[in-house]
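Just below is one structure, and these are the notes that go with it.
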Amino acid sequence: MLKFIAFFLFFIFTSIQSKAATGCVPNANKTRIYTKRDGGPSSTIYKSSPFSTANSGCLYVGSSPCTITGVGAGTLGDTTLVACPIDDYIWLLMISFGGLGYFALRKKPMIFHYSSSGL
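In terms of mature numbering (1 follows the signal peptide of the UniProt record, and there is no 0), the sequence shown is residues -20 to -1, 1 to 99.
Pasting the structure below:
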């Protein structure tokens, strides 16, 4: 049981620490996001390195303008989570949780005590 609690706490801690990458998405190439600012924390000018590449549809692009040194103009954006079609994977969840339940119950002795009074 301690293993399950440790796994649960690890999962919660890592999901809390996960954050979207924010930066500038260039107008010419919507699959890149530049994350390092060229100036202070409120600067809208970004350096051309480093950048992250994402699949199309995985970047949220806002309406605030920004500039990337050596690349050109862009808009502020961030990476977002893609919606998960949970209905397509419900069978996998049922098998996983059923297996966990089976192994958890298998290790515990199933001894029932019956009293003669019926209580």
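Backbone N, C-alpha and C define an ideal beta-carbon position, used for all residues, glycine too.
Rounded to whole angstroms, what is the Cα-Cα separation between residue i and residue j?
i, j, result
"G78", "F(-17)", "15 Å"
"L39", "P45", "15 Å"
"P30", "T49", "12 Å"
"F83", "S76", "11 Å"
"G57", "T33", "13 Å"
"R86", "L80", "10 Å"
"residue 172", "T59", "In the structure as shown, the chain starts at -20 and stops at 99, and residue 172 therefore has no counterpart that could be examined."
"F28", "K16", "The question names Phe, but residue 28 is Ser in the sequence shown. Whole-angstrom Cα-Cα distance: 8 Å."
"V41", "W71", "34 Å"
"T47", "S23", "10 Å"
How would you call residue i, buried or exposed, if buried means at least 16 neighbouring beta carbons within 10 angstroms?
i, result
"Y69", "exposed"
For the putative contact between residue i and residue j, defined by C-beta atoms under 8 Å, what is the C-beta separation to the nearest angstrom?
i, j, result
"G3", "I13", "5 Å"
Is the segment 52 to 59 touching the segment 5 to 22, taking contact as three or more C-beta pairs under 8 Å? yes
For the segment 13 to 64, which segments carrying the alpha helix (DSSP H) assignment without a break, of at least 4 residues, lie completely within its bounds, in sequence order? Taking only runs of at least 4 residues, no alpha helix (DSSP H) segment lies wholly in the segment 13 to 64.
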